[in-house]
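One structure is given below, encoded as structure tokens.
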Amino acid sequence: LDDGDKKALLDGSFIGNPKLVEFDNKSWHCYLKNETEASDDAIDMMGKALIIRGVWDWSLAAILRDELSHGESEEDRQLCAIEGGMDLLPKELEKLLDGKANIHYGHKVKSIDAKNNKVTFENGKYVDFTDKKLLCTIPFSVLKNLELPNFSEVKKNAINRLGSDYASSMKILFYYKKRFWEDEGTPIVNSGRSVSEEEMLQLYYPFPANNTPSCLEELPTLDSAAPASGLFSLYVGDSPSLIEARKTAQTESFGDSDIPGVLLASYTYNKLSEALCNMEQGKASNKVLCNLSNFHKGAPEPDEKEEWCWDEKEHFKGAFAITTPGTLTQFLAEGKKPERAIYFAGEHLSIAPGWIQGALESSLREVAKMVSSD
473 LDDGDKKALL
483 DGSFIGNPKL
493 VEFDNKSWHC
503 YLKNETEASD
513 DAIDMMGKAL
523 IIRGVWDWSL
533 AAILRDELSH
543 GESEEDRQLC
553 AIEGGMDLLP
563 KELEKLLDGK
573 ANIHYGHKVK
583 SIDAKNNKVT
593 FENGKYVDFT
603 DKKLLCTIPF
613 SVLKNLELPN
623 FSEVKKNAIN
633 RLGSDYASSM
643 KILFYYKKRF
653 WEDEGTPIVN
663 SGRSVSEEEM
673 LQLYYPFPAN
683 NTPSCLEELP
693 TLDSAAPASG
703 LFSLYVGDSP
713 SLIEARKTAQ
723 TESFGDSDIP
733 GVLLASYTYN
743 KLSEALCNME
753 QGKASNKVLC
763 NLSNFHKGAP
773 EPDEKEEWCW
783 DEKEHFKGAF
793 AITTPGTLTQ
803 FLAEGKKPER
813 AIYFAGEHLS
823 IAPGWIQGAL
833 ESSLREVAKM
843 VSSD
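If you read the sequence shown in the working numbering, its first letter stands for residue 473, the second for the next number, and so on.
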């Protein structure tokens, strides 16, 4: 790809670029199977090792776009967390808006009228945005089921098509009053991830309780100086932080293991998550606890458990947007276009679908458009 192709990928400007249209019309799996020398066994091994079988059906263009969205330097590709919990993000935004905007909680949207500039809620109340602009960040998986009077057929078709491909995903959280994985009597783990072919698929550990160095960042692959894609969050290879974390784990005691901690005991998507989501309440957690013993023999019963399946949540209807072959070429540009005074943003319309960063990026992009159009 030359610089023009890369810019077009990130902008979603596929018209007039036959190479990108071709990439978008084939899945990643088909490309690897038909246009590389990799054997079926090699492709299967790569899918398992990199935990990417869940995105085999994405278009090749979408995969390239995701890779480009993470930047080129190792610093750009580091994973970040908000100290104190991710829920601090909306809480801090709320503080910034205090006294400057009216925030209505518990108001479920029923319809959005593009011509009459009205948002109607299920409780009968409504908001009139005449002479104003509206930023809609409702996932298209939900928006497509709302009443959308005076939306163009082209726009509704784009919303329906982009809202039809969402990833199934489930997370199972285990709360422990004592961090058994930081005990000296067990293999010490200070953050990072473990991977399994079983139902749990991915297991994520919290940052260390005693603030020792963590290896939770993007690291170069073993056989390449190029960083691993943020899509897969690989924790392999050697970097100063990982080396320091290993030294600390070998030489220092984790004396704060009595501090409570939460394990993301299972993070699955697509077929694996669908199987877990369909289980009766509690059964998925029990199955994951059994698999946890493969990593930590005799892992204790958690003090609390939480199962979260995005498919079942009425305000999400899926975890994040999937970009299947042909989607970027045919529907992305139309999905991003304003409909009269209504602008659209969210991870589903960003250069980084599935990431909070993508949702923020697309919102800032649309707000800039709204301000500049005045």
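Heads up, the beta-carbon is just placed ideally off N, CA and C, and yes, glycines get one too.
7 angstroms CB neighbourhood of residue i in its chain, flanking five on each side removed
i      : result
Ser822 : Gly830, Ala831, Glu833 and Ser834
Glu806 : Val626, Lys627 and Ala630
Tyr741 : Gly526, Ala639, Ser640, Ser641 and Ala791
Thr723 : Only weak support is given to the placement of Thr723: the predicted model assigns it a pLDDT of 43, under 50, and the value that follows is read from those uncertain coordinates. Taken in chain order, the list of residues that qualify is empty.
Ser845 : none
Ser666 : Leu675 and Phe767
Asn774 : The question names Asn, but residue 774 is Pro in the sequence shown. If we look at Pro774 and ignore the five residues flanking it on each side, its Cβ neighbours are Phe646, Tyr647 and Tyr648.
Ala510 : Leu504
Lys479 : none
Asp730 : Lys650
Neighbourhood of residue i by C-beta, 6 angstroms cutoff - its chain only, sequence neighbours within 5 removed
i      : result
Glu566 : none
Glu776 : Tyr647
Lys719 : Note that Lys719 has pLDDT 48, beneath the 50 cutoff, so the model's placement of it is unreliable and the number below is only indicative. Answer for Lys719: no residue qualifies.
Thr602 : Asn589
Thr635 : The residue asked about is misnamed: residue 635 is Gly in this sequence, not Thr. If we look at Gly635 and ignore the five residues flanking it on each side, its Cβ neighbours are Phe612, Ser613 and Lys616.
Trp780 : Lys643
Lys785 : none
Ser624 : none
Ile515 : Leu504
Lys597 : none
Residues near residue i in its chain [Cβ-Cβ closer than 8 angstroms; skip 5 each side]
i      : result
Asp477 : Asn489, Lys491 and Leu492
Ala771 : Phe652, Leu761, Leu764 and Ser765
Lys582 : Thr592, Phe593, Glu594, Leu618 and Glu619
Ser668 : Gln674, Leu675, Asn763, Asn766 and Phe767
Gln753 : Glu779
Leu561 : Ile554 and Ile828
Glu811 : Ala586, Phe623, Ser624 and Lys627
Residue i vs residue j beta-carbon contact at 7 angstroms
i      : j      : result
Tyr815 : Leu607 : yes
Pro797 : Gly733 : no
Ala586 : Asn622 : yes
Trp500 : Ile554 : no
Leu645 : Glu746 : no
Ala756 : Lys605 : no
Asp600 : Leu800 : no
Leu473 : Lys498 : no
Phe788 : Arg633 : no
His820 : Ala840 : no
Ala817 : Thr609 : yes
Ser541 : Ala824 : yes
Leu748 : Leu673 : no
Trp528 : Thr795 : no
Reduced DSSP category for residue i - H, G, I as helix; E, B as strand; rest coil
i      : result
Trp500 : helix
Ser641 : strand
Trp530 : coil
Gln753 : coil
Lys590 : strand
Leu615 : helix
Glu435 : The question about residue 435 has no answer, for the chain in this structure spans 473 to 846.
Leu620 : coil
Leu473 : coil
Lys604 : coil
Arg812 : coil
Ile828 : helix
Lys582 : strand
Arg537 : helix
Phe652 : helix
Phe646 : strand
Ser668 : coil
Minimum Cβ-Cβ distance from residue i to chain B less than 7 angstroms
i      : result
Phe679 : In the structure shown, chain B cannot be found, because there is only a single protein chain.
Any chance you could list the alpha helix (DSSP H) runs of at least 4 consecutive residues sitting entirely within the region 539-580, in chain order?
560-569
Check: Taking the runs of the beta strand (DSSP E) that are 3 residues or longer, which of them lie wholly in the region 726-806?
Finding: 733-741 and 776-781
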